[in-house]
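Just so you know, the protein sequences line up as chains H and R, in that order. Oh and the first sequence: position 52 is 115 in the working numbering, straight run, nothing missing. Oh and the second sequence: position 201 is 1616 in the working numbering, straight run, nothing missing.
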Amino acid sequence: MIMAYVRPVSRYGWYLKRRSYTVHMLQEITSFFIAIFALILLWGIAAVAGGPESYQAFLTSLTSPGMVLLLWVLTIVMFYHAYAWFSVTPKAMVIQKGEDFVPGGAIAGAHYGIWAVLTLVVLFLAGVF
Amino acid sequence: MSEIKLELDILRYDPEKDQEPYFQSYPVSCQEDWMVLDAINHVKDHVDTTISYRWSCHMAVCGSCGMVIDGEPKLACKAPVREYANRKIKVEPLANFPIERDLVVVQDDFMEKLKRVKPYIIRKEEKSIEEGEYKQSPAELMKYKQYTLCINCLCCYAACPQYALIPEFIGPAALSMAHRYNQDSRDQGLAERHKVVSTPEGVWECSFDGDCSDACPKHVDPASALQQLKIATTVQWYQELIGMGGK
Chain H
64 MIMAYVRPVS RYGWYLKRRS YTVHMLQEIT SFFIAIFALI LLWGIAAVAG
114 GPESYQAFLT SLTSPGMVLL LWVLTIVMFY HAYAWFSVTP KAMVIQKGED
164 FVPGGAIAGA HYGIWAVLTL VVLFLAGVF
Chain R
1416 MSEIKLELDI LRYDPEKDQE PYFQSYPVSC QEDWMVLDAI NHVKDHVDTT
1466 ISYRWSCHMA VCGSCGMVID GEPKLACKAP VREYANRKIK VEPLANFPIE
1516 RDLVVVQDDF MEKLKRVKPY IIRKEEKSIE EGEYKQSPAE LMKYKQYTLC
1566 INCLCCYAAC PQYALIPEFI GPAALSMAHR YNQDSRDQGL AERHKVVSTP
1616 EGVWECSFDG DCSDACPKHV DPASALQQLK IATTVQWYQE LIGMGGK
């Protein structure tokens, strides 16, 4: 019987074989950073629920150098996360108008627009302006 | 016409003699307008008649000559040699498939998966001839037209990291074909196909890497089809939850 040869596949380091795999894994890893930010947010909500003193303690702890550095890293990674996923939204969100399709740039652009509007709303509610 | 020098490092494997594949080098003087397939044909005709590979149409229609050229899954008939001028390039069989011989891979796994997604129009009830034809507007045709361009060359499977790691994954081309028929206004088989598509080895193994779409020589977008299927199967799951049937 003639045997076909099955090439071995490494479960480790495969994502370094192609640049696109590496970029994809970097995008996936950003989710951990988003999770860390979500935990900080939950910590803040719990602090609000705990009363003015606990909220003040939470705000103070955010100003430590280590925390400021972490928040900067999280912010940068979150921007990359948003960019990466907004860029591929046209693949999941296919909108047909008659015989044509809404261009991918318009769909991704709409996400950036909504993001900007929501940011302004949050800043407004927070009393920034 | 000027000549292009190319060195093809072709992966060889003879199941009757070799324990494992090895590279064999063939220097080729190519004409400027040749494709890599022409260079391989030249080797087969003039240098080494023992090389095995699939090809047929030489015009990116039959999908037979899919192989990994210089690390990228491509149709050999659509890969101009001028892109690799004066270089040594590796020519390998499609990744993620067992090698039958040299550049020929075993495609049985894909064939079985393609069958499983029922890539044909399913009607709950056929119209009688007296009732006339199934009419379709140009807009309805556009919903799925790009997916009809798939030629089953399997370049998307060779590019897919998930298929490499999880061979049970139904994979890009077969799932795209399920989406193609789900989107067809004449079809009523969505619920039947979703029984296969929404299983763990169906769309949910797709990590949305997108390499399948980049590799497609016919500019089909399997990554888009799979993301749309994820949404469609989720909607159907909720419809069933609240007691509303799907298509």
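Note that beta-carbon positions come from the ideal geometry of N, C-alpha and C, so glycine has one too.
Taking the straight line between their C-alpha atoms, what separation do you get for residue i and residue j?
i, j, result
"R/Asp-1424", "H/Val-157", "42 Å"
"R/Val-1483", "R/Glu-1607", "35 Å"
"R/Lys-1528", "R/Pro-1632", "21 Å"
"H/Gly-172", "H/Tyr-143", "15 Å"
"R/Cys-1570", "R/Ala-1630", "6 Å"
"H/Thr-85", "R/Ala-1574", "13 Å"
"R/Gly-1481", "H/Tyr-78", "22 Å"
"R/Trp-1470", "R/Val-1635", "21 Å"
"H/Leu-183", "H/Tyr-175", "12 Å"
"R/Leu-1490", "H/Gly-168", "29 Å"
"H/Val-185", "H/Ile-177", "12 Å"
"R/Gln-1477", "R/Gln-1654", "The sequence shown places Cys at residue 1477 of chain R, rather than the Gln named in the question. Answer to the nearest angstrom: the Cα atoms are 40 Å apart."
"R/His-1473", "R/Val-1650", "42 Å"
"R/Pro-1615", "R/Gly-1586", "12 Å"
"H/Met-88", "R/Trp-1652", "29 Å"
"R/Lys-1503", "R/Ile-1514", "22 Å"
"R/Gln-1522", "R/Pro-1508", "12 Å"
"R/Glu-1583", "R/Ile-1657", "31 Å"
"R/Ala-1593", "R/Val-1611", "9 Å"
"H/Met-141", "H/Thr-93", "7 Å"
"H/Lys-160", "R/Met-1526", "35 Å"
"H/Val-180", "R/Gly-1547", "52 Å"
"H/Arg-81", "H/Gly-129", "35 Å"
"R/Cys-1492", "R/Thr-1465", "20 Å"
"H/Ile-99", "R/Ser-1613", "31 Å"
"R/His-1609", "R/Lys-1539", "15 Å"
"R/Arg-1497", "H/Ile-97", "45 Å"
"H/Val-165", "H/Phe-187", "32 Å"
"H/Met-66", "R/Ser-1444", "34 Å"
Just to confirm, is the Cβ distance from residue i to residue j under 8 Å?
i, j, result
"R/Tyr-1562", "R/Arg-1595", "yes"
"H/Ala-110", "H/Phe-121", "yes"
"H/Arg-70", "R/Leu-1580", "no"
"H/Tyr-68", "R/Glu-1435", "yes"
"R/Ala-1554", "R/Asn-1567", "no"
"R/Tyr-1468", "R/Asp-1517", "yes"
"H/Ile-139", "H/Pro-153", "no"
"R/Ala-1638", "R/Ser-1622", "no"
"H/Ser-83", "R/Asp-1453", "no"
"H/Glu-162", "R/Met-1557", "yes"
"R/Gln-1724", "R/Glu-1418", "Coverage of chain R is limited to positions 1416 through 1662, which leaves residue 1724 of chain R absent and any answer about it impossible."
"R/Tyr-1572", "R/Asn-1501", "no"
"R/Leu-1590", "R/Leu-1641", "yes"
"R/Val-1506", "R/Leu-1426", "yes"
"H/Ala-155", "R/Ile-1544", "no"
Answer with buried or exposed for residue i, where buried requires no fewer than 16 other C-beta atoms within 10 angstroms of its C-beta.
i, result
"H/Gly-190", "exposed"
"H/Thr-126", "exposed"
"H/Trp-135", "exposed"
"H/Phe-95", "exposed"
"H/Gln-119", "exposed"
"R/Glu-1620", "buried"
"R/Asp-1524", "buried"
"R/Met-1450", "buried"
"R/Pro-1576", "buried"
"R/Leu-1421", "buried"
"R/Leu-1644", "buried"
"R/Ser-1552", "exposed"
"H/Val-131", "exposed"
"R/Asp-1433", "exposed"
"H/Gly-76", "exposed"
"R/Thr-1361", "Look at the range of chain R in this structure, 1416 to 1662, and you will see that residue 1361 of chain R is not part of it."
"R/Asp-1602", "buried"
"R/Asp-1463", "exposed"
"R/Ala-1494", "buried"
Based on the DSSP output, what are the partners of residue i in its beta bridges?
i, result
"R/Gln-1439", "R/Ile-1425"
"R/Lys-1503", "R/Glu-1422"
"R/Val-1520", "R/Ile-1514"
"R/Ile-1484", "R/Glu-1487 and R/Val-1506"
"H/Met-141", "DSSP lists no partner for H/Met-141."
"H/Lys-160", "H/Asp-163"
"R/Pro-1632", "DSSP output for R/Pro-1632 lists no bridge partner at all."
"H/Tyr-68", "R/Ile-1514"
"R/Gln-1654", "Paired residue(s): none; R/Gln-1654 is not in a bridge."
"R/Met-1450", "R/Pro-1495"
"R/Cys-1627", "R/Cys-1627 pairs with nothing; no bridge assigned."
Taking contact to mean at least 3 C-beta pairs separated by less than 8 Å, is the stretch 1584-1601 of chain R in contact with the stretch 1457-1473 of chain R?
-> Contact fails: fewer than three Cβ-Cβ distances are below 8 Å.
Quick one: any contact between the stretch 1484-1491 of chain R and the stretch 1524-1538 of chain R, if contact means 3 or more CB pairs under 8 Å?
-> Output reads no: the stretch 1524-1538 of chain R does not touch the stretch 1484-1491 of chain R.
Pair every Cβ in the stretch 99-107 of chain H with every Cβ in the stretch 144-151 of chain H, then say whether three or more of these pairs are closer than 8 Å.
-> Judged by pairs of C-beta atoms under 8 Å, the stretch 99-107 of chain H does not touch the stretch 144-151 of chain H, as fewer than three such pairs exist.
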